[in-house]
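Inspection log for the structure reproduced underneath, given as structure tokens.
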Amino acid sequence: MSGDSMDSKPVRISDMVTASEGGLLKLSKEEVCDPNLYYPICLSDVSKRIYRGHCLLINQRDFSPATGQGRRDGTDVDADRVERLFKKLGYSVRRHLNVNRSDMKRILREGVCLRICTCAFSRY
Numbered sequence: 001m002s003g004d005s006m007d008s009k010p011v012r013i014s015d016m017v018t019a020s021e022g023g024l025l026k027l028s029k030e031e032v033c034d035p036n037l038y039y040p041i042c043l044s045d046v047s048k049r050i051y052r053g054h055c056l057l058i059n060q061r062d063f064s065p066a067t068g069q070g071r072r073d074g075t076d077v078d079a080d081r082v083e084r085l086f087k088k089l090g091y092s093v094r095r096h097l098n099v100n101r102s103d104m105k106r107i108l109r110e111g112v113c114l115r116i117c118t119c120a121f122s123r124y
């Protein structure tokens, strides 16, 4: 074989059921499936709501004094917004505050496939 080939069945937007049609989907058809993608997100029903996977949210507000970085209070607002967004999109969100290197390694080993958001607010 000379190159990559598509091995998944495309999902047509017309096949999806939206909330306005009595379905479980809370997003518009355009938000759910970009027709330009070869591997669109497949929806599944878990406890009668859309479930897409896990989102790991790391809010790094406080840093070690050795770094010379001050406290970044703005990250809390950003993290709240990111958490709400991913929950609306159907993800289960696990949020961590001030993760050091060893904790980061442990957390990342727990997942197989993750979406990761790291918030580190800057005044500059």
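So the sequence shown is residues 1 to 124, counted in the UniProt record's numbering. Beta carbons: idealized from backbone N, C-alpha and C, even for Gly. Computed from a predicted model, the values in this text were never measured in an experiment.
Neighbour-count burial assignment, residue i, 16 or more Cβ in a 10 Å radius
i: residue 108; result: exposed
i: residue 71; result: exposed
i: residue 85; result: exposed
i: residue 59; result: buried
i: residue 68; result: exposed
Candidates the options, of which the one nearest residue i by Cα
i: residue 119; options: 75, 106, 66 and 84; result: 75
i: residue 101; options: 93, 55 and 63; result: 63
i: residue 55; options: 77, 88 and 66; result: 88
i: residue 52; options: 106, 97, 91 and 103; result: 91
i: residue 78; options: 65, 97 and 66; result: 97
Beta-carbon gap between residue i and residue j smaller than 8 Å
i: residue 83; j: residue 95; result: yes
i: residue 57; j: residue 99; result: no
Expected contact under 8 Å - CB spacing of residue i and residue j to nearest Å
i: residue 73; j: residue 61; result: 7 Å
Residue i at chain B interface by Cβ criterion, 8 Å
i: residue 99; result: Any reference to chain B falls outside this structure, which holds one protein chain only.
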